[in-house]
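Novice: Quick one: this structure, given as structure tokens, is what I'll be asking you about.
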Amino acid sequence: MIVAFDIKVETSRFDGKKMLAVPVAKAIKEPQKLFEEALSIILRFIVRRLKNHHEMRKKGIYKHLMSGVSYMLPFVIGGGIVIALSFLVDQLIGVPQDSLGQLGSYNELAASLNKIGGAKHLDSCFPY
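Residue numbers (my numbering): 627 to 754.
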């Protein structure tokens, strides 16, 4: 909004609006320059708003992704603990030296704990 005045004017009614206040003489003598200035202000405002929108959208995607990870974390941790218990059970009961590759699934109790913990689903987490 372009407002041209030479005396004190109450501008409270324009609160919240983008306003370009100029003297009346400038509005009469250089209207083209005034419109170009107003247009550049509007364009800067639009560009700034688009950048903010883009940043907010990126933050929103990150926020949703992290929220999903937060909900998934207790299950992954719980599964890992149960799998660790299966290894502990096998070590306490004893596994023959030639069957160490089956650690965590050699005894029936350890195999059950390993299955409950979801070792098959977590295999992709460990490089072999």
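Glycine residues also receive a C-beta, built at the ideal position from the N, C-alpha and C atoms.
Between Ala-664 and Ile-628, which are expected to be in contact by the criterion C-beta below 8 Å, what is the C-beta distance as a whole number of angstroms?
Specialist: Residue numbering aside, residue 664 sits at position 38 when the sequence shown is read from its first letter. Residue numbering aside, residue 628 sits at position 2 when the sequence shown is read from its first letter. About 5 Å; that satisfies the 8 Å criterion.
Novice: Quick one: what's Ala-651 bridged to in DSSP?
Specialist: The residue given as residue 651 occupies position 25 in the sequence shown. None; Ala-651 has no bridge partner.
Novice: I think Val-715 touches Leu-699, with their Cβ atoms under 8 Å apart; what is that distance to the nearest whole Å?
Specialist: Position 89 of the sequence shown holds residue 715. Position 73 of the sequence shown holds residue 699. About 25 Å separates the two Cβ atoms, so there is no contact after all.
Novice: In this structure, how does DSSP classify Val-721 when only helix, strand and coil are distinguished?
Specialist: Position 95 of the sequence shown holds residue 721. Of the three classes helix, strand and coil, the one that applies to Val-721 here is coil, per DSSP.
Novice: So what's Ile-646 in DSSP terms, helix, strand or just coil?
Specialist: The residue labelled residue 646 in the question sits at position 20 within the sequence shown. What sits at residue 646 in the sequence shown is Leu, not Ile. Residue state, collapsed to three classes: strand.
Novice: May I have the straight-line CA-CA distance separating Pro-722 from Val-708, to the nearest angstrom?
Specialist: Residue numbering aside, residue 722 sits at position 96 when the sequence shown is read from its first letter. Residue numbering aside, residue 708 sits at position 82 when the sequence shown is read from its first letter. Approximately 22 Å, taken between the alpha carbons.
Novice: At which residues does the beta strand (DSSP E) containing Glu-628 begin and terminate?
Specialist: The residue labelled residue 628 in the question sits at position 2 within the sequence shown. The sequence as given places Ile at residue 628; Glu does not occur at that position. Residues 628-630.
Novice: Taking just the CA atoms, how far does Ser-731 sit from Ala-710?
Specialist: Mapped onto the sequence shown, residue 710 falls at position 84. Mapped onto the sequence shown, residue 731 falls at position 105. Cα to Cα, Ala-710 sits roughly 11 Å from Ser-731.
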